[in-house]
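One structure below.
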Amino acid sequence: MVNKYICVHSHFYQPPRDNPWLEEVEKEDSASPFHDWNERITYECYMPNTAARIMDGGGRITEIANNYEKMSFNSGPTLMIWLEKHDPETHNKIIEADKASARARGGHGNAIAQVFSHSIMPLNTPRDKETQIIWGIKDFERRFGRKPEGIWFAEAAVDNESLALAAKHGIKFTVLAPHQAKRGRPLNAGGEWGDLNGNTDTTYPYLCRPDGNSEIAIFFYDGPLSLSIAFEGALFDGVKMGNRLVSSLKAREDKRGQILTVATDGETYGHHHKFGEMALAYAFSTIEKQKSQVLLTNYGEFLEKHPPDTEVEIVEDSSWSCVHGVERWRADCGCTTGSSEGWNQKWRAPLRKALDNLKEKLDDLFEEKGKKYFKSPWDARNDYVGVVLDKSRESVEAFLARHRASALSQQSVTEALKLLEMQRMSMTMFTSCGWFFADVSGLESVQILKYAERAIEIARDVSSEPIEEEFLELLGGAVSNIAANGTGADIFKKHVQPLRLNPMRVAAHAVIVNALPGRGEETKSVYSFNVSMVEASEETYLQSMVNIGVLELSSATTWETKKLTFCLLHLGAHDYNCFVHPFFETADFVAAKSRILESFKRHSMPDLIHAIEAHFGQAYFTLKDIFEEERGKIMELLLLDSTSQHTATFQQLFEHDRKLMDFMSEINAPMPAEFRMVARYVLGKRLNSLFTDPSARADHKTMVAIFNDAKKWGIEITPKTLAKNVTGYLEMKTRDYCENRNKASADSVADVMKYVVETGMEIDLWKIQNLVYSEYTALKDPSHSGHKEAVANKELKKILEAFKFSPVVP
């Protein structure tokens, strides 16, 4: 009987990066060419680990493995919330992997929970510790459809109180660093405690009784092996890594079950180390080939088979990433990342003090005001995570029905929800990353200050108590290492306060976007705001237009609703001017509408401007005030008409000069730059249309003809947009073949791939290979129900060969 096991744990996490007013991650230039770091790391790590490649000696695929099925992991709530919205396919594959692992491991899934906001638990108040655990558990249950057996503490930072609270809420185990074990003794045998002094035997779990009554198991990971994987190049060779893990488990006389556990940031596998997900897949494959000696497992399965027989005490207030305990998140302890020579982290203490002081005031305000709306404000906060995860009206109403002290008016509902949002922000502002890096002016520190400002703003809405002044005074003690940045207070005023959202800008954004040519459906929402047009009256003349009306703007988070009056003046092309004003009384609105529309009909611009300014004032919004995320799409719409005209003109010029260009090519005459420019544009358009026009068919003959023309005239026409469109076309045709066995689609795939090889075009086959992998497994596996059909299917074999799968000999 095998009694040796290996468990690889991955801590997947991204800090909250969203703009707390918009509740969306904005473009981050440092993540280029991706939109933001979440998107970039998903592409490099989270997505590849759902389908990691194992290849033969010729670099062709023999297996595609979902690494999440083989490793223990936690995936932070803020990351999973983002994935669910922006990459649901990866999100769902992670969840499917957990279900598959539960089936394979006696009901024990690989996934474990994580404290919600990734705050350092020993530095939280007891109340916040419990909320963080409850929110982490509820997020897990909603997502994975089961109760978590284990939980990951941010930075593996623990104290006995946090462990006891986790046990109270049904958590069976956690994972810590070996240096976090203080003393040990045999379980239930009495005897003296023995100091471990860093000599923790990490090959079996320990039982911890953090408060003398509750119990929680602790797995301590192998420090040196984990370090080698994360930082010392063990991932350069996945086979060697797998063999090293197997050989690290030695035979023991007592025959107790042994577990080798390694733990790293999950981003190690693909983001920190390119192709790390492949190395991990090779390591798992190598281990599984030695199942007569050792088995892959997860903590829940091992704990059931081999419960602890040793008791342990932890090092109070310790973590895996600071040798000084938890000082990295409150003091200048010397631990830092990204620091320059001569820098210090003295800013950490005043930043912590400023936020702690602010949190205390916000908690007092919440308790005082919350009693008016909730039977128990703190019970309501613990349950509020359900609303955070599901903001639908049904979800909010059910939550309020459970917790309200009495019937609530619409205004009271808004204030109650604002109080809870204030609490959410006040916990999010303690995300550990805010202290982890080198300077208070860093992105991560500025980000937590955004949450602090949003909490302060809400507090200002529900109370007249001044709290910002003292916060800024304390924040002024956090001095940046970069003299030009000043202090935390300076950074707050310069980079955070200007982000406060003006509802009138949101309204103007919606009005302008709705007026754009070719926009399609009316805009119903702008980020976390719902937009409802109450009424609008429009007049046009030549290229000009005026539109005056009323809209309602409501927050999807707090249900706060504002009624606003707007007037949009469009003077042609990109000249949009939107005036917004708090709602006029009906008589005033009727008068304003009449005067403005009459002035427009008389085509008197001075009168029109005077009429608008008389009612709305002189301040207005333009395309420059549109939220950045929309600007690119808007410019495409504005340029659509112009580019269509340019395309027609270029087509005429191309056809007119084509014979001359052929003749010049025959006599080796220099091709004028103007000719090459027109030809490049037209041929590029024609080639792209083969892959984007539903009525076109990308056959090899047509593609080669266009390519030969380009080659003949010395023109390069393989830009990135073409590669992207080719990839999309291949995915569409491959999906059609797999689902409908459409032979024409298979032929088209073969034609396009032949063209891709001939031209040396670089395209991303990752998703397409995933599509056909199930077909490949049917071809490989004689016991598969579709094996006979696959063996006889010539089109399938051509597709698999084109997409770089290892040949299968039936």
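According to our numbering, the sequence shown is numbered sequentially starting from 1446.
For every residue, glycine included, the Cβ atom is placed at its ideal position computed from N, Cα and C.
Own chain, CB closer than 6 Å to residue i, minus 5 neighbours either side, in chain order
i       : result
His2060 : Ala2037
Arg1773 : Cys1767, Cys1780
Ala1510 : Ala1497, Ala1726
Gly1922 : Pro1795
Lys2243 : Ala2195
Pro2027 : none
Beta-carbon spacing of residue i, residue j below 7 Å
i       : j       : result
Thr1576 : Asn1947 : no
Val1941 : Glu1898 : yes
Ser1455 : Gly1711 : yes
Asp2209 : Thr2166 : no
Ala2223 : Ala2235 : yes
Arg1630 : Glu1756 : yes
Gly1581 : Ala1558 : yes
Gly1931 : Leu1920 : no
Lys1515 : Leu1694 : no
Gln1868 : Phe1811 : yes
Glu1508 : Ile1499 : yes
Leu1807 : Ala1900 : yes
Ser1973 : Glu1468 : yes
Ile2057 : Phe2024 : yes
Val1560 : Ala1599 : yes
Thr1523 : Tyr1491 : no
Sequence-distant residues of the same chain with beta carbon closer than 8 Å to residue i, five excluded per side
i       : result
Ser1982 : Asn1992, Ile1993, Gly1994, Lys2038, Leu2042
Lys1617 : Glu1594, Gly1595, Ile1661, Ala1662, Gly1745, Leu1748
Ile1674 : Leu1680, Met1686, Val1707, Thr1709, Thr1713
Asn2133 : Thr2166, Leu2167, Asn2170
Pro1650 : Phe1618, Ala1662, Ile1663, Phe1664, Ile1704, Tyr1744, Phe1747, Leu1748, His1751, Pro1752, Pro1753
With 16 other Cβ atoms within 10 Å as the buried cut-off, status of residue i
i       : result
Trp1792 : buried
Gly2205 : exposed
Asp1604 : buried
Asn1537 : exposed
Arg1797 : buried
Asn1569 : buried
Arg2125 : buried
Gln1855 : exposed
Tyr1986 : exposed
Met2050 : exposed
Gln1625 : buried
Pro1478 : exposed
Glu2220 : buried
Thr1647 : buried
Val1979 : exposed
Asn2112 : Reading the sequence as shown, one finds Ile at residue 2112 and not Asn. Classification for Ile2112: exposed.
Pro1655 : buried
Sequence-distant residues of its chain with Cβ nearer than 7 Å to residue i (five each side left out)
i       : result
Glu1889 : Pro1460, Cys1878, Gly1879, Phe1881, Phe1882
Gly1615 : Lys1592
Thr2003 : Thr1859, Leu1862, Lys1863, Glu1866
Asp2151 : According to the sequence as given, residue 2151 is Ile; it is not Asp. Closer than 7 Å at the Cβ level, and outside the excluded window around Ile2151, lie Leu2128, Arg2131, Leu2132.
Ile1486 : Gln1459, Glu1712, His1716
Asp1906 : Lys1863
Range of the contiguous alpha helix (DSSP H) that encloses residue i
i       : result
Met1870 : 1855 to 1873
Ile2041 : 2031 to 2046
Arg1630 : Not the alpha helix (DSSP H): Arg1630 falls in the beta strand (DSSP E), residues 1626 to 1631.
Arg2131 : 2118 to 2137
Glu1918 : 1913 to 1920
Asn2170 : 2165 to 2185
Thr2067 : That residue, Thr2067, is in no alpha helix (DSSP H); it is neither H nor E in DSSP.
Phe2152 : 2145 to 2157
Thr1731 : 1721 to 1733
Boundaries of the beta strand (DSSP E) in which residue i is found, first to last residue
i       : result
Phe2024 : 2021 to 2027
Ser2193 : Note, Ser2193: premise wrong, no beta strand (DSSP E); alpha helix (DSSP H) at 2188 to 2204.
Cys1452 : 1449 to 1457
Glu1606 : Here Glu1606 belongs to no beta strand (DSSP E); instead the alpha helix (DSSP H) covers 1605 to 1613.
Min CB distance residue i to chain E below 7 Å
i       : result
Ser1970 : No chain E is present in this structure, which holds just one protein chain.
Requested in this report: Return the chain-ordered ranges of every beta strand (DSSP E) run that is complete within the region 1922 to 1997 and spans a minimum of 3 residues.
Outcome: You should have 1974 to 1986.
Report task. Note down, one range per segment and in chain order, each alpha helix (DSSP H) of at least 4 residues found wholly within the region 1635 to 1691. Result -> With a minimum length of 4 residues, the continuous alpha helix (DSSP H) runs that stay inside the region 1635 to 1691 are 1668 to 1676.
Query raised in the report: Counting only runs that start and end within the region 1526 to 1592, where is the alpha helix (DSSP H) found for 4 or more residues in a row?
Result: The region 1526 to 1592 is shown to contain whole alpha helix (DSSP H) runs of 4 or more residues at 1533 to 1549, 1571 to 1589, in chain order.
Requested in this report: Please list the segments of the beta strand (DSSP E) lying wholly inside the region 1765 to 1843, counting only runs of 3 or more residues, in order along the chain.
Outcome: As far as the region 1765 to 1843 is concerned, it has no whole beta strand (DSSP E) run of at least 3 residues.
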